[in-house]
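The structure appears below as structure tokens.
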Amino acid sequence: MPIRVTITMCALQTKWKNVIFFLPVAQRHMASKIGQIPKWNFKAEYIETCNCEYGCPCNFNGFPTYGFCRALNLISITSGSYDNVKLDGIDVVFAATWPKAIHEGNGTAQLFISKHATQPQRDAVIKIFSGQAKGNGPFAIFAASIKYVLEPQFVDIKKKIDGKRSSFSVPGVLDVQIESFKNPVTGEEQDTKLQLPKGFVFQLADACKSKLMKISTPSLNYDDSGKNAFYAKVEYKGP
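The opening position of the sequence shown corresponds to residue 0 in numbering that gives the first Met the number 0, with each subsequent residue numbered one higher.
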């Protein structure tokens, strides 16, 4: 199938780079030849926050609560590899917005990757998250919905992984804290879960809410604290 590649360059002054390149993810990472995709896999702890109300209706009928989608998600890789490149201990924050439902496209996204990642690890993570490495999970699906990709940033990602009490941040850029639901009468912590046997992001997750969820960059700027959140353990592989 013929591929049309369009590249638009926009100069922006940011704290990291002077130039941000915008182009579709699926078109951007076409360097590897089809048929030469190495095997990869990883296990990770996953924190998802978005602007939807609790439970996120996108999981059931595809359409967000308020007609548009904004997300800040962490994938904290506990073990895994891309070919012979170990991915243990790499954290990736996926920040994205869509003007309508995710499947309707035209999204804007940016990756924040652990600054201690080596160049081979950085390359591997970008190939996986761009959907180029194929496989299961959400990567190729999300890639197809993104129109504008902001240059990946290699930063200090601070995190605390503790189930429904987890948090992560990039100092001065983004901050996420999640918490469990509580019984409004007794104050008792609720054990709420979402099970999606055919889910492509997760099949079972702790359903919770964001205590804090915000990002502030020249291109991504939103605060959706107090909305939907999930915590899950995930496992993905490819191709």
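No residue lacks a Cβ here, since even glycine has one placed at the ideal position from N, Cα and C.
The structure displayed is predicted, hence computed values, not measured ones.
Tell me which residue opens and which closes the alpha helix (DSSP H) that residue i is part of.
i          : result
residue 80 : Unbroken run through residue 80 is the beta strand (DSSP E), 68-81; no alpha helix (DSSP H).
To which residues of the same chain is residue i closer than 7 angstroms at the C-beta, ignoring the five residues directly before and after it?
i           : result
residue 29  : Low confidence applies to residue 29: its pLDDT is 38, below 50, so where it sits in the model is not reliable, and the reading given next is rough at best. Same-chain partners within the cutoff: there are none.
residue 78  : 41, 42 and 87
residue 127 : 39, 81 and 138
residue 66  : 99
residue 196 : 202
residue 156 : 90, 92, 111, 113, 167 and 169
residue 12  : With a pLDDT of 31 at residue 12, under the threshold of 50, the predicted position of this residue should be treated as unreliable, and no value is reported.
residue 182 : 189
residue 62  : 56 and 100
residue 163 : 177, 178, 179, 205, 207 and 230
Pop quiz: residue i and residue j are said to be a contact at Cβ under 8 angstroms. What is the actual Cβ separation, rounded to whole angstroms?
i           : j           : result
residue 208 : residue 226 : 7 angstroms
residue 236 : residue 135 : 6 angstroms
residue 160 : residue 75  : 6 angstroms
residue 206 : residue 191 : 4 angstroms
Starting from residue i and walking both ways along the beta strand (DSSP E), at which residues does that stretch end?
i           : result
residue 213 : 203-215
residue 62  : Residue 62 -> no beta strand (DSSP E), and no H or E assigned at all.
residue 50  : No beta strand (DSSP E) contains residue 50, which DSSP labels as neither H nor E.
residue 87  : Segment: none, residue 87 is in no beta strand (DSSP E) and carries neither H nor E.
Run through the DSSP bridge pairs and tell me what residue i is partnered with.
i           : result
residue 55  : In DSSP, residue 55 forms no bridge with anything.
residue 176 : 166 and 211
residue 227 : 208
residue 181 : 188
residue 193 : 204
residue 41  : 79 and 235
If I measure Cβ to Cβ from residue i and keep anything under 8 angstroms in the same chain, skipping five residues before and after, which residues do I get?
i           : result
residue 121 : 112, 151 and 153
residue 221 : 50, 69, 96, 213 and 214
residue 140 : 130 and 199
residue 224 : 209, 210, 211, 212 and 213
residue 53  : 180, 206, 208, 226 and 227
Grab me the residues of residue i's own chain with a C-beta within less than 6 angstroms of its C-beta, minus the 5 sequence neighbours each way, in chain order.
i           : result
residue 73  : 46, 92 and 167
residue 123 : 81 and 84
residue 234 : 42
residue 255 : With the chain covering only 0 through 238, there is no way to say anything about residue 255.
residue 116 : 89
residue 204 : 193, 229 and 231
residue 107 : 96 and 147
For chain C, is any of its Cβ atoms less than 8 angstroms away from the one on residue i?
i           : result
residue 202 : Protein chains in the displayed structure number just one, and chain C is not present.
Ordered list of beta strand (DSSP E) runs contained in the segment 91-161, each at least 3 residues: Listed in chain order, they are 106-113, 145-154 and 157-159.
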